[in-house]
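Below you'll find the structure, written out as structure tokens, and then a few comments.
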Amino acid sequence: MLEGVTLDQLRMFIAAAETQSFSAAGRRLHRAQSVISQAIANLEAQLGITLFTRGGRYPELTEQGKLLLADARTVTGSVAALKARAKGMAEGLEPELSVAIDVMFPMNVLTRAAAAFGEHFPATPLRLYVEALGGVAKAVLDQQCGIGIMGSLPLSTPDLVTERLLAVQISFFAAPDHPLVKLGRPVTECDLAKHVQLVLTDRTDLSKGREFSVMSPRSWRLADMGAKHAFLLAGLGWGGMPLEMVARDLREGALVELKLLDAPPRVQMAMSAAYRADAPPGPAGRWFVEQLKHHAGALEAPA
1 MLEGVTLDQL RMFIAAAETQ SFSAAGRRLH RAQSVISQAI ANLEAQLGIT
51 LFTRGGRYPE LTEQGKLLLA DARTVTGSVA ALKARAKGMA EGLEPELSVA
101 IDVMFPMNVL TRAAAAFGEH FPATPLRLYV EALGGVAKAV LDQQCGIGIM
151 GSLPLSTPDL VTERLLAVQI SFFAAPDHPL VKLGRPVTEC DLAKHVQLVL
201 TDRTDLSKGR EFSVMSPRSW RLADMGAKHA FLLAGLGWGG MPLEMVARDL
251 REGALVELKL LDAPPRVQMA MSAAYRADAP PGPAGRWFVE QLKHHAGALE
301 APA
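In terms of the working numbering, the sequence shown has 32 at position 32, counting the first letter as 1, and numbering is strictly consecutive.
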């Protein structure tokens, strides 16, 4: 019976788990609720286990269902990657490559990949767009860009296939003359709430109504990472930045890393290459993604 499990069933299973509703899964996949329910019931019979409990208002994953959800995502993701590679082999070279980059992504990895791309595909124009938060996902979903390099934000983007590149270390910083630094001790959340926090804002609606690591009611919102960096250096507030981006400032004493009481010192944000499931990258795009993986791996490798 296991040989009869189909990708379509797995996609319905994933959609039902992510939406916590068979009807919502049907709307996402443009299928009737009865089709979703029957497909999942058939999948449970084929696997010999119960994936969802159905006693309450909404179906809930069983413990077995939670474990198999990760496997189902791996299978569908692998098939998408296979399609991407096959498309690259079968089709000709793209006329140009457009990529949206998250502002948090390490520029040294990007520049190395871009330099290698220029040598390998000298006749293919490369267009890069730097975006923040949901801007990368929107550029790819709207087909403005074929590839996006995005952070692990809790956005609902089921139409995107992602491939992990690396993890970026993010911490909180302030200028050396900022009151939080002058405390001379680890700061508390109450301390942080008394001072202006510089927050990167989303220019799209993808994360509308959500806050990411906002700890102060006194927040200044900036849509540009360069402006946020300049405001931090000027002592106009405190805020989070990728460690790699402010390494020189830390060495020169222009910024100080804040030590938070009862909180991890740094946050790891996973960064991934992303593209539409129905529009995987061609030969140039696939080659560029592999270059990003190569240089990202060198950055993460222990010294």
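By construction, the Cβ of each residue, glycine as well, lies at the ideal position given by its N, Cα and C atoms.
Return the first residue and the last residue of the beta strand (DSSP E) that residue i is part of.
| i | result |
| --- | --- |
| Glu-163 | 160-174 |
| Met-271 | 267-276 |
Identify the continuous alpha helix (DSSP H) that holds residue i and give its terminal residues.
| i | result |
| --- | --- |
| Val-181 | 179-182 |
| Leu-198 | Element bounds for Leu-198: not the alpha helix (DSSP H) but the beta strand (DSSP E), 197-200. |
| Ser-23 | 22-29 |
| Met-150 | No alpha helix (DSSP H) holds Met-150; the beta strand (DSSP E) holding it covers 147-151. |
| Gly-226 | 225-233 |
| Gly-135 | 135-141 |
| Ala-45 | 33-47 |
For residue i, name the three-state secondary structure that DSSP assigns.
| i | result |
| --- | --- |
| Asp-102 | strand |
| Trp-287 | helix |
| Ser-216 | coil |
| Gly-118 | helix |
| Arg-185 | coil |
| Leu-67 | helix |
| Val-256 | strand |
| Ala-279 | coil |
| Glu-3 | helix |
| Asp-262 | coil |
| Lys-310 | Residue numbering for the chain in the displayed model covers 1 to 303; residue 310 lies beyond these limits and cannot be assessed. |
| Leu-250 | helix |
| Thr-111 | helix |
| Lys-194 | coil |
| Thr-19 | helix |
| Thr-76 | helix |
| Ala-296 | helix |
| Ala-303 | Residue placement at Ala-303 cannot be trusted, given a pLDDT of 46 that sits under 50; the coordinates are not used to answer. |
Whole-angstrom Cβ separation of residue i and residue j, contact assumed at under 8 Å?
| i | j | result |
| --- | --- | --- |
| Ala-113 | Leu-292 | 5 Å |
| Leu-260 | Val-246 | About 16 Å separates the two Cβ atoms, so there is no contact after all. |
| Val-140 | Arg-276 | 6 Å |
| Ala-273 | Ile-170 | 19 Å between Cβ atoms; not a contact. |
| Leu-10 | Val-75 | 6 Å |
| Ala-159 | Glu-131 | What sits at residue 159 in the sequence shown is Asp, not Ala. Not really, about 17 Å apart at Cβ, beyond 8 Å. |
| Gln-20 | Pro-59 | 7 Å |
| Pro-242 | Met-104 | 5 Å |
| Gly-4 | Gln-64 | With a Cβ gap of about 19 Å, Gly-4 and Gln-64 do not count as contacting. |
| Met-269 | Ala-167 | 7 Å |
DSSP beta-bridge partners for residue i?
| i | result |
| --- | --- |
| Tyr-129 | Ala-100 |
| Met-12 | DSSP output for Met-12 lists no bridge partner at all. |
| Thr-352 | In the structure as shown, the chain starts at 1 and stops at 303, and residue 352 therefore has no counterpart that could be examined. |
| Gly-242 | One detail in the question is off: residue 242 reads as Pro in this sequence, not Gly. Note: Pro-242 sits in a beta bridge opposite Ile-170. |
| Arg-221 | Val-199 |
Using a threshold of 8 Å, is the CB atom of residue i nearer than that to any non-hydrogen atom of the ligand HEM?
| i | result |
| --- | --- |
| Arg-218 | For the structure depicted, the ligand HEM is absent and the ligand set is empty, with no information on it obtainable. |
Are the segment 122-132 and the segment 37-52 touching, with three or more C-beta to C-beta distances below 8 Å?
-> no
Between the segment 166-185 and the segment 232-251, are three or more C-beta pairs nearer than 8 Å?
-> yes
The segment 213-226 / the segment 192-201 touching (three or more Cβ pairs under 8 Å) | yes
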